[in-house]
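Engineer: Residue numbers (the numbering used here), protein chains in the order written: chain A, 18 to 297; chain B, 18 to 297; chain C, 18 to 297. To start, I am sharing the structure in question, which I have written as structure tokens.
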Amino acid sequence: MLRTKVFNLLARNGPSRLMSTATKLTTVEVNDKTGIATLTMCRPPVNGLNLELLKDLSTSIGEIESNKSRGLILTSSNATIFSAGLDILEMYKPEKERIRAFWTQLQEVWLALYGSSVPTAAAINGHSPAGGCLLATSCEYRVMLPKFTIGLNETQLGIVAPKWFMASFLSVLPQRQAERALNQGRMFTTEEALQIGLIDETASSKEEAVEKCAAFIGTFAKVNPLARSLTKQQFRAADLQQLENERQDDLEKFLFFVNQPAVQKGLGIYLEGLKKKSKK
Amino acid sequence: MLRTKVFNLLARNGPSRLMSTATKLTTVEVNDKTGIATLTMCRPPVNGLNLELLKDLSTSIGEIESNKSRGLILTSSNATIFSAGLDILEMYKPEKERIRAFWTQLQEVWLALYGSSVPTAAAINGHSPAGGCLLATSCEYRVMLPKFTIGLNETQLGIVAPKWFMASFLSVLPQRQAERALNQGRMFTTEEALQIGLIDETASSKEEAVEKCAAFIGTFAKVNPLARSLTKQQFRAADLQQLENERQDDLEKFLFFVNQPAVQKGLGIYLEGLKKKSKK
Amino acid sequence: MLRTKVFNLLARNGPSRLMSTATKLTTVEVNDKTGIATLTMCRPPVNGLNLELLKDLSTSIGEIESNKSRGLILTSSNATIFSAGLDILEMYKPEKERIRAFWTQLQEVWLALYGSSVPTAAAINGHSPAGGCLLATSCEYRVMLPKFTIGLNETQLGIVAPKWFMASFLSVLPQRQAERALNQGRMFTTEEALQIGLIDETASSKEEAVEKCAAFIGTFAKVNPLARSLTKQQFRAADLQQLENERQDDLEKFLFFVNQPAVQKGLGIYLEGLKKKSKK
Numbered sequence: 018m019l020r021t022k023v024f025n026l027l028a029r030n031g032p033s034r035l036m037s038t039a040t041k042l043t044t045v046e047v048n049d050k051t052g053i054a055t056l057t058m059c060r061p062p063v064n065g066l067n068l069e070l071l072k073d074l075s076t077s078i079g080e081i082e083s084n085k086s087r088g089l090i091l092t093s094s095n096a097t098i099f100s101a102g103l104d105i106l107e108m109y110k111p112e113k114e115r116i117r118a119f120w121t122q123l124q125e126v127w128l129a130l131y132g133s134s135v136p137t138a139a140a141i142n143g144h145s146p147a148g149g150c151l152l153a154t155s156c157e158y159r160v161m162l163p164k165f166t167i168g169l170n171e172t173q174l175g176i177v178a179p180k181w182f183m184a185s186f187l188s189v190l191p192q193r194q195a196e197r198a199l200n201q202g203r204m205f206t207t208e209e210a211l212q213i214g215l216i217d218e219t220a221s222s223k224e225e226a227v228e229k230c231a232a233f234i235g236t237f238a239k240v241n242p243l244a245r246s247l248t249k250q251q252f253r254a255a256d257l258q259q260l261e262n263e264r265q266d267d268l269e270k271f272l273f274f275v276n277q278p279a280v281q282k283g284l285g286i287y288l289e290g291l292k293k294k295s296k297k
Numbered sequence: 018m019l020r021t022k023v024f025n026l027l028a029r030n031g032p033s034r035l036m037s038t039a040t041k042l043t044t045v046e047v048n049d050k051t052g053i054a055t056l057t058m059c060r061p062p063v064n065g066l067n068l069e070l071l072k073d074l075s076t077s078i079g080e081i082e083s084n085k086s087r088g089l090i091l092t093s094s095n096a097t098i099f100s101a102g103l104d105i106l107e108m109y110k111p112e113k114e115r116i117r118a119f120w121t122q123l124q125e126v127w128l129a130l131y132g133s134s135v136p137t138a139a140a141i142n143g144h145s146p147a148g149g150c151l152l153a154t155s156c157e158y159r160v161m162l163p164k165f166t167i168g169l170n171e172t173q174l175g176i177v178a179p180k181w182f183m184a185s186f187l188s189v190l191p192q193r194q195a196e197r198a199l200n201q202g203r204m205f206t207t208e209e210a211l212q213i214g215l216i217d218e219t220a221s222s223k224e225e226a227v228e229k230c231a232a233f234i235g236t237f238a239k240v241n242p243l244a245r246s247l248t249k250q251q252f253r254a255a256d257l258q259q260l261e262n263e264r265q266d267d268l269e270k271f272l273f274f275v276n277q278p279a280v281q282k283g284l285g286i287y288l289e290g291l292k293k294k295s296k297k
Numbered sequence: 018m019l020r021t022k023v024f025n026l027l028a029r030n031g032p033s034r035l036m037s038t039a040t041k042l043t044t045v046e047v048n049d050k051t052g053i054a055t056l057t058m059c060r061p062p063v064n065g066l067n068l069e070l071l072k073d074l075s076t077s078i079g080e081i082e083s084n085k086s087r088g089l090i091l092t093s094s095n096a097t098i099f100s101a102g103l104d105i106l107e108m109y110k111p112e113k114e115r116i117r118a119f120w121t122q123l124q125e126v127w128l129a130l131y132g133s134s135v136p137t138a139a140a141i142n143g144h145s146p147a148g149g150c151l152l153a154t155s156c157e158y159r160v161m162l163p164k165f166t167i168g169l170n171e172t173q174l175g176i177v178a179p180k181w182f183m184a185s186f187l188s189v190l191p192q193r194q195a196e197r198a199l200n201q202g203r204m205f206t207t208e209e210a211l212q213i214g215l216i217d218e219t220a221s222s223k224e225e226a227v228e229k230c231a232a233f234i235g236t237f238a239k240v241n242p243l244a245r246s247l248t249k250q251q252f253r254a255a256d257l258q259q260l261e262n263e264r265q266d267d268l269e270k271f272l273f274f275v276n277q278p279a280v281q282k283g284l285g286i287y288l289e290g291l292k293k294k295s296k297k
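Right under this line is the structure:
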């Protein structure tokens, strides 16, 4: 828990301080006026969730928990991408130990964020596919900027979103819509996401999105924090417990699947496509 | 099962008879024309759910079950309050045996009402916070008068609604809305409750609310009562079974929580506030 | 797996071939252009689900699975009835061995259809009560013609829809609406079904309904089929597993219930009514 410097980064909401510089791929700033922490992912170019970013996310969520912040707002330093989801490079021709650590760390992040004792909201200031959507739907509230897309598009990539991705998705969407979107690997535009309830509000700028997230967190101002936290955790207990009970199985299932030649081939083709795109 | 006197209390719906005078804090009247029983809570000043009212509710629900009434309509004798919820005095500086009996009786009432074999509806003719909302959402249908409020506002009082309160709430609201409202301890106005589906209809008077409840119960007129009852109980079996399996745990959890000094302090402050209010 | 003849039955969608003539109460035609199989129930007069039709449904679903069709569209050869549901004659004064085979076969059909690895859709070209509604809600998408009705009306017939009927229903409807409709044994008109989400689209002819089903199945064109299938099966795993675990119990429960004198009497009265109707 380092609180080293004070920056005036969110001038409209009053002074805020940088809570931690110990991590490099995330920053945490606490607004001194509201007591709300903004957790920003900053791993160029697309906030791909690799082992290091996931570790930094875990550390930052832990800091926010233990510093008893009034809330957590998750956002991105990138102007067009919230998070592109799991870093495919972690899954393509993976090194044995590293891929285990990678998936275990992803489980950690979800357990910490979905089960967080503080109010959580996502200021979705860019595209949010797959793992990006997982992070957003693990929060309690979502505000999104226009002209971006969000969804669990795993089937489009030839992979299967595990049960706990589904749990987060189902905490937000009705069963019929959740299943169909998952099967289709559907990406929703901001407008579609608002319509179906996948997000709660839209905002015209990142600043406004963060403000709307802060306003949501402000609705808990008169609520007893302990009672609130226990209520949330009891509500989410079955989902969280399911992964806790099946963590090892879930890891082995993922490893078995990702190591299938057909899956490796698919990921290879996908990466090749990304390279060509970036060269253009 | 006492059926002692006949009163013409619901003239527009034909004669009705008072089914029982054995209990004092509830009355049960059966409409002779429709066969529907109206169960009225009448514990001044606010239908606070204390041990005695809960016992009388259990007895009355049991009577209605065993007399094979065509339906049960739950309402209040109070002009502005359906039920103010659990009587805080049962929880503040509680006597050891009494608080155990109190919580056990609350469990009984919920198991009997949520699992009732007859069609149930609530004519919500006043405010319905916390335990009042629990009773209302344990019924199959809700008609509410305007300008009142309803919701599970436990977190506002520093307490945690147990899992079975959540089950009743989730039987009515989508998961996203249910969780958010629970975490916020949100009270909905009649209009908001209608919009979100927490109630099914509004009515401009208690009489009209009771009539609309009776109309809902009338939709089962052509349905086989045994098949209907088995269908409802199968639908609600998982929720009911969960409390049955965890009754002792649920009781101990409640006792542990309510006896925390911080919770006792919070309840004390709340009661102090109520006293000041009533003196004004 | 017999693929004997080619018929030009769906001219607008290009040539299709009859996949199987081995069964008599169902036909399977595969559209050569789209690769989608249309499974048609054709047991006059009302596609009553008796042992033989259920066996043929199982065989046809199995064929479609093993031939790796791009999708399955379930429809009826009858102009006004999709399926009238379980054939009451299987349940009225039943022969011991046959009724066991009948119910076991119904379980098979549900497990195969609800758990099907290929995309499924129902072109509901007629009334679809009870078991007809079960088949329709076991598919992933529903397109229905106007002026028909659909619903699980078991309670109207004095019987109880088992848990897995409820699971299919709940995969489509919110809990509050699903429970109420089940308890009421409510039949929805096409318009009401669209409004509540029990169906996804309407169509003015069977041909258009099949086309819209094909368009839905077409949304999976760019999705990896294996990932899609595993995603769907994981999503539906809990429902499927529950019946798998309780198959024997579910059978005994059904047999016990159906053999109750009151139930037999009710079925007798119902059959008598049907006879009188058909004589008119």
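From the three backbone atoms N, C-alpha and C, an ideal C-beta is built for every residue, glycine too. In this text the structure is predicted, and so the values were computed from the model without any measurement.
Grab me the residues of A:Leu123's own chain with a C-beta within less than 8 Å of its C-beta, minus the 5 sequence neighbours each way, in chain order.
Structural biologist: Closer than 8 Å at Cβ, skipping near neighbours: Leu66, Leu71, Leu103 and Gly148.
Engineer: Between the beta-carbon of A:Gly132 and the beta-carbon of A:Leu56, is there less than 8 Å?
Structural biologist: Against a cut-off of 8 Å, the Cβ pair of A:Leu56 and A:Gly132 comes out as no contact.
Engineer: Whole angstroms is fine: what's the gap from B:Lys249's alpha carbon to B:Trp120's?
Structural biologist: Their backbone Cα atoms lie some 25 Å apart in a straight line.
Engineer: Given a threshold of 16 other Cβ atoms within 10 Å of its Cβ, counted over all protein chains shown, does A:Ile98 qualify as buried or as exposed?
Structural biologist: With 16 or more other Cβ atoms within 10 Å, it is buried.
Engineer: Per DSSP, what are the beta-bridge partners of C:Ile81 in this structure?
Structural biologist: The partner list for C:Ile81 (beta bridge, DSSP) is empty, contrary to what the question assumes.
Engineer: Would you mind sorting C:Ile141 into buried or exposed? The rule is 16 or more other CB atoms within 10 Å of its CB.
Structural biologist: Burial call: buried.
Engineer: Under 8 Å between the Cβ atoms of C:Gly79 and C:Ile53?
Structural biologist: No, these two residues do not count as a Cβ contact at 8 Å.
Engineer: Can you say whether B:Arg253 is buried or exposed, counting buried as having 16 or more other CB atoms within 10 angstroms of its CB?
Structural biologist: Buried, since its Cβ has 16 or more Cβ neighbours within 10 Å.
Engineer: Please state whether DSSP places C:Met58 in a helix, a strand or coil.
Structural biologist: Three-state result, C:Met58: strand.
Engineer: Can you tell me which residues form a DSSP beta bridge with B:Leu103?
Structural biologist: Answer by DSSP bridge pairing, in chain order: B:Leu66.
Engineer: Have a look at the DSSP bridge pairing and note the partners of B:Leu91.
Structural biologist: The partner list for B:Leu91 (beta bridge, DSSP) reads B:Leu56 and B:Ala139.
Engineer: Report yes if the C-beta distance between C:Ser86 and C:Val47 is below 8 Å; otherwise report no.
Structural biologist: Yes, the Cβ-Cβ distance between C:Ser86 and C:Val47 is below 8 Å.
Engineer: Give the straight-line distance between the Cα atoms of A:Asn299 and A:Asn170, rounded to the nearest whole angstrom.
Structural biologist: There is no way to answer for residue 299 of chain A, as the model of chain A reaches only from 18 to 297.
Engineer: Name the DSSP bridge partner or partners of B:Pro146?
Structural biologist: Answer by DSSP bridge pairing, in chain order: B:Gly168.
Engineer: Is A:Leu284 close to chain C? Criterion is C-beta to C-beta, closer than 8 Å.
Structural biologist: So no, A:Leu284 is outside the interface.
Engineer: At the 8 Å Cβ level, is C:Ile5 part of the contact set with chain B, yes or no?
Structural biologist: Here chain C has residues from 18 to 297 only, and residue 5 of chain C is not among them.
Engineer: At the 8 Å Cβ level, is A:Lys180 part of the contact set with chain C, yes or no?
Structural biologist: Closer than 8 Å to some Cβ of chain C, the Cβ of A:Lys180 qualifies, so yes.
Engineer: If we cut at 8 Å on Cβ distances, does B:Gln251 have a partner in chain C?
Structural biologist: For B:Gln251, the answer is yes, since a Cβ of chain C falls inside 8 Å of its Cβ.
Engineer: In chain order, what residues of the same chain lie with their CB nearer than 6 Å to the CB of C:Gly285, ignoring the 5 residues before and after it?
Structural biologist: There are no such residues.
Engineer: Does the Cβ of A:Gln265 have 16 or more other Cβ atoms within 10 Å, making it buried, or fewer, making it exposed?
Structural biologist: A:Gln265 comes out exposed.
Engineer: Can you find a CB in chain C that lies within less than 8 Å of the CB of A:Leu257?
Structural biologist: No, no contact with chain C.
Engineer: Going along chain A in order, which residues have a C-beta closer than 8 Å to the C-beta of C:Glu157?
Structural biologist: Going along chain A in sequence order, the residues near C:Glu157 (Cβ under 8 Å) are Glu196, Arg197 and Asn200.
Engineer: For B:Thr206, go through chain A and note every residue whose CB falls closer than 9 Å to its CB, in chain order.
Structural biologist: Those within 9 Å of B:Thr206 in chain A number zero; the least Cβ separation is about 16 Å.
Engineer: Can you look up B:Ile216 in the DSSP assignment and give me helix, strand or coil?
Structural biologist: Correct three-state label for B:Ile216: coil.
Engineer: Would you list, in chain order, the members of the region 227-241 of chain C that have their beta-carbon closer than 8 Å to a beta-carbon of chain A?
Structural biologist: Answer in chain order: Thr236, Phe237, Lys239, Val240 and Asn241.
Engineer: Tell me the residue span of the alpha helix (DSSP H) that contains A:Val275.
Structural biologist: Run containing A:Val275: Pro242 to Val275, per the alpha helix (DSSP H) assignment.
Engineer: For chain A, find out if any of its Cβ atoms is closer than 8 Å to the Cβ of C:Glu289; answer yes or no.
Structural biologist: False, the Cβ-Cβ gap to chain A never drops below 8 Å.
Engineer: I need the straight-line Cα distance from A:Leu215 to A:Phe165, nearest angstrom please.
Structural biologist: Going from the Cα of A:Leu215 to the Cα of A:Phe165 covers about 13 Å.
Engineer: Any contact between the region 109-117 of chain C and the region 258-277 of chain C? By contact I mean 3 or more CB pairs, one from each, below 8 Å.
Structural biologist: Cβ pair count under 8 Å is three or more, so yes.
Engineer: Could you name the residues that DSSP lists as bridge partners for C:Met108?
Structural biologist: BP columns for C:Met108 are empty, so no partner.
Engineer: What are the boundary residues of the alpha helix (DSSP H) that B:Arg193 is part of?
Structural biologist: Run containing B:Arg193: Gln192 to Gln201, per the alpha helix (DSSP H) assignment.
Engineer: Does the Cβ-Cβ distance between A:Leu106 and A:Leu130 come in under 8 Å?
Structural biologist: Their beta carbons are not under 8 Å apart, which means A:Leu106 does not touch A:Leu130 by this criterion.
Engineer: Cβ closer than 7 Å: which chain B residues qualify as neighbours of A:Ala139?
Structural biologist: The contacting residues do not exist; A:Ala139 stays about 14 Å from chain B at best.
Engineer: Can you tell me the Cα-Cα spacing of B:Val126 and C:Glu196, whole angstroms?
Structural biologist: Answer to the nearest angstrom: the Cα atoms are 21 Å apart.
Engineer: Is B:Phe233 helix, strand or coil by DSSP?
Structural biologist: Note: B:Phe233 maps to helix in three-state DSSP.
Engineer: Measuring alpha carbon to alpha carbon, tell me which of A:Ala255, A:Ala101 and A:Ser77 ends up nearest A:Ile90.
Structural biologist: Considering only alpha carbons, the answer is A:Ser77.
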